[in-house]
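Taking it in order: structure first as structure tokens, then the write-up.
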Amino acid sequence: MNDFPIEQIRKDFPILDQLVYGKPLAYLDNGATTQKPLRMIEAVNRLHREQNASVHRSVSFLSDKITQAYEEARTTVQKFIGASKSLQIIFTSGTTGSINLVAFSFGEGILEPGDEIIISTMEHHSNIVPWQMVCERHGARLRIIPITDEGDLDLDAYQNLFSDRTRMVAVTHVSNVLGTINPVKEIVQIAHSHRVPILLDGAQGVQHEPVNVVDLDCDFYVFSGHKIYGPTGIGILYGKEEWLERLPPYQGGGDMIDRVTFEKTTYNGLPFKFEAGTTNFIGAIGLAESLNYLTGIGLDKIIRYEHELRDYATQKLSGIKQLRMYGTSAEKAAIFSFVLEGIHPFDTGMIIDKFGVAVRTGTHCTMPLMQRFGIEGTVRASLCLYNTTDEIDRLHDALNSVIDLMA
Amino acid sequence: MNDFPIEQIRKDFPILDQLVYGKPLAYLDNGATTQKPLRMIEAVNRLHREQNASVHRSVSFLSDKITQAYEEARTTVQKFIGASKSLQIIFTSGTTGSINLVAFSFGEGILEPGDEIIISTMEHHSNIVPWQMVCERHGARLRIIPITDEGDLDLDAYQNLFSDRTRMVAVTHVSNVLGTINPVKEIVQIAHSHRVPILLDGAQGVQHEPVNVVDLDCDFYVFSGHKIYGPTGIGILYGKEEWLERLPPYQGGGDMIDRVTFEKTTYNGLPFKFEAGTTNFIGAIGLAESLNYLTGIGLDKIIRYEHELRDYATQKLSGIKQLRMYGTSAEKAAIFSFVLEGIHPFDTGMIIDKFGVAVRTGTHCTMPLMQRFGIEGTVRASLCLYNTTDEIDRLHDALNSVIDLMA
Amino acid sequence: MEIIDIQKEIVEEFAGLGEWMERYNYLIDLGKSLPLIDQAYRNDEYLIRGCQSRVWLNADLREGKIYYTADSDAIITKGIASLMIRIFTGHTPDEILNTDLGFIEEIGLKEHLSPTRSNGLVSMINQMRYYAMAYKAKQQNL
Amino acid sequence: MEIIDIQKEIVEEFAGLGEWMERYNYLIDLGKSLPLIDQAYRNDEYLIRGCQSRVWLNADLREGKIYYTADSDAIITKGIASLMIRIFTGHTPDEILNTDLGFIEEIGLKEHLSPTRSNGLVSMINQMRYYAMAYKAKQQNL
Ligand SMILES: Cc1ncc(COP(=O)(O)O)c(C=O)c1O
Ligand SMILES: Cc1ncc(COP(=O)(O)O)c(C=O)c1O
Chain A
1 MNDFPIEQIR
11 KDFPILDQLV
21 YGKPLAYLDN
31 GATTQKPLRM
41 IEAVNRLHRE
51 QNASVHRSVS
61 FLSDKITQAY
71 EEARTTVQKF
81 IGASKSLQII
91 FTSGTTGSIN
101 LVAFSFGEGI
111 LEPGDEIIIS
121 TMEHHSNIVP
131 WQMVCERHGA
141 RLRIIPITDE
151 GDLDLDAYQN
161 LFSDRTRMVA
171 VTHVSNVLGT
181 INPVKEIVQI
191 AHSHRVPILL
201 DGAQGVQHEP
211 VNVVDLDCDF
221 YVFSGHKIYG
231 PTGIGILYGK
241 EEWLERLPPY
251 QGGGDMIDRV
261 TFEKTTYNGL
271 PFKFEAGTTN
281 FIGAIGLAES
291 LNYLTGIGLD
301 KIIRYEHELR
311 DYATQKLSGI
321 KQLRMYGTSA
331 EKAAIFSFVL
341 EGIHPFDTGM
351 IIDKFGVAVR
361 TGTHCTMPLM
371 QRFGIEGTVR
381 ASLCLYNTTD
391 EIDRLHDALN
401 SVIDLMA
Chain P
1 MNDFPIEQIR
11 KDFPILDQLV
21 YGKPLAYLDN
31 GATTQKPLRM
41 IEAVNRLHRE
51 QNASVHRSVS
61 FLSDKITQAY
71 EEARTTVQKF
81 IGASKSLQII
91 FTSGTTGSIN
101 LVAFSFGEGI
111 LEPGDEIIIS
121 TMEHHSNIVP
131 WQMVCERHGA
141 RLRIIPITDE
151 GDLDLDAYQN
161 LFSDRTRMVA
171 VTHVSNVLGT
181 INPVKEIVQI
191 AHSHRVPILL
201 DGAQGVQHEP
211 VNVVDLDCDF
221 YVFSGHKIYG
231 PTGIGILYGK
241 EEWLERLPPY
251 QGGGDMIDRV
261 TFEKTTYNGL
271 PFKFEAGTTN
281 FIGAIGLAES
291 LNYLTGIGLD
301 KIIRYEHELR
311 DYATQKLSGI
321 KQLRMYGTSA
331 EKAAIFSFVL
341 EGIHPFDTGM
351 IIDKFGVAVR
361 TGTHCTMPLM
371 QRFGIEGTVR
381 ASLCLYNTTD
391 EIDRLHDALN
401 SVIDLMA
Chain H
1 MEIIDIQKEI
11 VEEFAGLGEW
21 MERYNYLIDL
31 GKSLPLIDQA
41 YRNDEYLIRG
51 CQSRVWLNAD
61 LREGKIYYTA
71 DSDAIITKGI
81 ASLMIRIFTG
91 HTPDEILNTD
101 LGFIEEIGLK
111 EHLSPTRSNG
121 LVSMINQMRY
131 YAMAYKAKQQ
141 NL
Chain X
1 MEIIDIQKEI
11 VEEFAGLGEW
21 MERYNYLIDL
31 GKSLPLIDQA
41 YRNDEYLIRG
51 CQSRVWLNAD
61 LREGKIYYTA
71 DSDAIITKGI
81 ASLMIRIFTG
91 HTPDEILNTD
101 LGFIEEIGLK
111 EHLSPTRSNG
121 LVSMINQMRY
131 YAMAYKAKQQ
141 NL
């Protein structure tokens, strides 16, 4: 790991340099939200101090400049995920906002009673509940891809779920609990071989794996800014142009319309048709800075480093006999969900917090997955580019202290 | 105006201290978006540098602290608008997000074919299109309150619009074009006398008028953070508890659920039921700082000062013979929409921009209102607490230059 | 003992403890020793749900006094629950309703009882008070 | 004249102008002198919509060359439209499609032709090119 400039990178994230209960912070809760690089922090600061104005209503200097920055941010996102046109990039409030948008519009535009939507057992509630709600509204139903004990999707079962009523597949790229990196390219091909479009939930994918939406050929790809070192309140919906054209708008309001009369309203073109009201333009520009920060380091380098962390942590945690790991796929990101035998995850989390080790405990918004494994929750440590082997050691030692304390 | 600390206040907004084309910036586009006080800017900066972590998933020090700050922000908003409980404050993405939420959930929960919703001629597209969309989905229809030539709601006509099919009234507090401050208390009472609930669009109201939702007795009140000196991507929905309890959720996802199984999902209590996914918690805390900033100055003082600016500008602009003002209500905020005779608003806006005067031109997302007055658009100058009589003079002089140039 | 005296006693006990490790140890021991709730009450009807840990609570009225039993799946939560029971149990509804819980801050457990910790403890205390209110109303109707 | 020479000519004209005020004055004069589009074309079918100002555009093919006429409700927009017509009109589809519009930056009007100014000009230029493409395709089919 010697060629990865980890020292410098840690300096880029000011929050990491602090003590918690007198111990250095080891922030291992990156699956929930990631920390922010100076480059993004300072961009937001500068926007607030020097450049704020309303976008897309440009008749003045400031609003011209910020509109340009906003549209450049769209292009940055486009390039980051390899989309072919910037109009395929819709700024939303987050992954949850993006999925609700697609689910709603797909429901209105396409779904009929009796139709079916395929999701998987390992989905986050944000990729379950919107589909449940839309199914209920349109009399459609969910079909669920089962998973193996290791936490892999059962692809044979997936194949068998298709019927002539299947209208959509929505599957996560990387599981936020198990860490499984799903074979998304194959999953997309299978959906397409049945002429069914597919949405990939990239909330845990885009920051940990290379993503090229043209290569993946997915119909929709969604993610959250705050999980990829960007601001809160901003998210991305990528969609194929045909789909975005075809789906009716989601929210109504300013900027998404062409003409409004009380009798009839016609809608604006892409991407604006799906961006109702004043968007989080400062968040969007901030997000672009975060992506530029990543590109500056080099995504391959980041991914390589994260895989090394993953291997180190896998090895290290396997040394704790009382630790039961959930998610042992051969293809996984540096996300570790586990339970210490006989010890409640919440107790574990609270105690290691006192050692400065921040993790998340609970169901991680994946209750059906918890039910699949017959558990109430797990402890989750989720690593990213600024974590270190030293922090993994500290997690390891803190877990051993928990075991001692609870004995 | 001598007792208003305008010098100090202008220093609190760093963006104001800049040159545009060599001229000092006169930012008169506050109806589109307001500038940010240092207190908010620094809070966001500090959150990014020291405190960011995921809210409501609290097992660690950082996430505990930020969850507390987020819930305190809710209380700050609650107090700012005089709501009785903090669970009545829902954080959304903006006014547009709030109205879409109410329109959708009201549609799902209440509307039947043949039902009617009353809005007014002066509504912003964000308070028209969501209702149009929901009417279309449920077979309901819009009834429109006409306005007078001065830009006042015709209250007699309003009374007459009610029928036994009226289910909702949605009216703006302050018109973003005409500046009219609607008699909202009376409007609410009239709606309630017909047993119809009412939503007030406070996007231009809450920063310019005292708002106490209990006193107003409105059923819903909505506004945007970025228009009240706060961050982008955050907005507020206030609702009466009975209504919020009764309406079904809008978006599905993390945090808004109680239990999820693939068969059945039950929803969380208020306010979380309406806050799906990771919210813009940094935006919410930033917004609370902006509100605290206003409270620190004193809302009455601000309102008094803004009214003085309004009177000064009304007087001053009336000196330009070629200027035709739209919106001359006896009750208006410091928002001025006008057209210079024979000169396109866009030309006017572009030219005064070169004098450093930033305004907005166009339809201001109120096409039906433009149709009412038979115009294609206006120039709009919208003032707020940091504007000065000097800036009004500069607007005045720049407009005279436009007239000269175009002669 | 009066509620206020029990609180004093607890504050003194905690004052004798050092760092968080000793406090947690103490809570864990308390958690282990809390008489389990009757299995009959460890079901959804008696469940107070927090996102993170679950608490079951029951209350009985005997001779004008309320007797609580509780359980939790998380041991530290259970330890804190056991403190709360020690304070409230065996007292009258009025005594319970008039109790000030400021001592919790003194013993360094405030964060565990903030509504942002979704461990069910805040809801548990609310529920303890609702029982007190309910029994009080019942007594007044007799 | 070749398109490139017209562009040079325009660049020189603008070089002789001073500050923005003189440039705008010039554009305003151009706008005033632009032969109005035939009323028959000033309707929705020929309308290119920007949020801020509206542009109407028509194109005719005569002897292999395209002749544009345009109008706008905003005078500066109209002035810029008139510059674009001066450049394109009377040329073949190929000449039009091969034109580089970099000179716009040189004359200080870039901001008016950015897609963020919703004045209809960017759409107008696109539309001018679409006409050229359409006529080219038509010629090839003959
Ligand atoms: C009266 C009114 N309503 C609604 C809106 C929409 O607000 P936002 O774009 O912040 O959602 C605006 C602002 O443009 C407004 O002025
Ligand atoms: C896989 C996955 N999908 C969706 C989400 C929801 O993202 P957000 O809360 O940012 O909308 C998350 C994050 O919690 C996630 O991990």
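Protein chains in written order, with my numbering: chain A, 1 to 407; chain P, 1 to 407; chain H, 1 to 142; chain X, 1 to 142. Heads up, the beta-carbon is just placed ideally off N, CA and C, and yes, glycines get one too.
Counting along the chain, the unbroken beta strand (DSSP E) around A:L200 starts and ends at I198 to D201.
The beta carbon of H:S82 is closer than 7 Å to those of L30, G31 and L34 in its chain, skipping five residues each way along the sequence.
In this structure X:K138 is exposed. Its beta-carbon is surrounded by fewer than 16 other beta-carbon atoms within 10 angstroms.
DSSP places H:L57 in the strand class (E or B) of the three-state scheme.
Among the residues of the segment 21-32 of chain H, those with a Cβ less than 8 Å away from any Cβ of chain A are M21, Y24, N25 and I28, in the order of the chain. About 11 Å separates the Cβ atoms of H:I66 and H:L57, ruling out a contact at the 8 Å cut-off. Excluding residues up to 5 positions away in sequence, S53 lie with their Cβ nearer than 6 Å to the Cβ of H:A74 in the same chain. DSSP, reduced to helix, strand and coil, places P:F338 within a strand of the structure shown. In summary, A:V177 is buried, with 16 or more beta-carbon neighbours lying within 10 Å of its beta-carbon over all protein chains present. A contact is defined here as three or more CB-CB pairs under 8 Å, and the segment 75-92 of chain P fails this definition with respect to the segment 49-62 of chain A. The C-beta of A:Q207 has 16 or more other C-beta atoms within 10 Å across all chains shown, which makes the residue buried. Your pair A:I236 and A:F91 checks out as a contact, with CB atoms roughly 7 Å apart and the cut at 8 Å.
By the beta-carbon neighbour count (other beta carbons within 10 angstroms, threshold 16), P:R246 is exposed.
Taking CB atoms only, H:E105 has no neighbour in chain P less than 9 Å away. For X:N119, the C-beta contacts it makes with chain P under 9 Å involve F346 and M350, in order along the chain. Taking 4 residues as the shortest admissible run, the segment 11-98 of chain P contains the following complete alpha helix (DSSP H) segments, listed from N- to C-terminal end: 38-46 and 61-80. Between A:E108 and chain P, the shortest Cβ-Cβ separation is below 9 Å.
The C-beta of H:E111 comes closer than 9 Å to at least one C-beta of chain P.
A:I343 has its alpha-carbon roughly 41 Å from the corresponding atom of P:E242. Distances from the alpha-carbon of P:F355 to those of P:T389, P:P271 and P:H396 put P:H396 closest. In summary, X:Y130 is exposed, with fewer than 16 beta-carbon neighbours lying within 10 Å of its beta-carbon over all protein chains present.
Excluding sequence positions up to five before and after X:E106, its CB lies within less than 8 Å of the CB of V11 and F14, all in the same chain and listed in chain order. Within 10 angstroms of the beta-carbon of A:S84 lie fewer than 16 other beta-carbons, which makes it exposed. Residues of chain A with a Cβ closer than 8 Å to the Cβ of H:S114 do not exist; the shortest Cβ-Cβ separation is about 13 Å.
From the listed residues A:L87, A:E108 and A:I118, the smallest Cα separation to A:L200 is found for A:I118.
Less than 9 Å separates the beta-carbon of A:G230 from that of A:L287.
At a cut-off of 9 Å between C-beta atoms, A:Q35 does not count as an interface residue with respect to chain X.
A Cβ-Cβ contact shorter than 9 Å links P:N182 with P:S175.
Here A:T172 is near A:A203, since their CB atoms are less than 9 Å apart. Distances between the C-beta of A:Q207 and the heavy atoms of ligand 2 are all 8 Å or more.
Any Cβ of chain H closer than 9 Å to the Cβ of A:Y21 would place that residue at the interface, and such an atom is present.
Within chain P, no residue has its CB atom less than 8 Å from the CB of X:S123, the nearest being about 15 Å off. Between the alpha carbons of A:T363 and H:M21 lies a distance of about 26 Å.
In this structure, the alpha-carbon of A:Y305 lies about 29 Å from that of A:V402.
For A:T166, the enclosing beta strand (DSSP E) covers residues T166 to T172. In this chain, H:A132 is not harboured by any beta strand (DSSP E); it is covered by the alpha helix (DSSP H) spanning L121 to N141.
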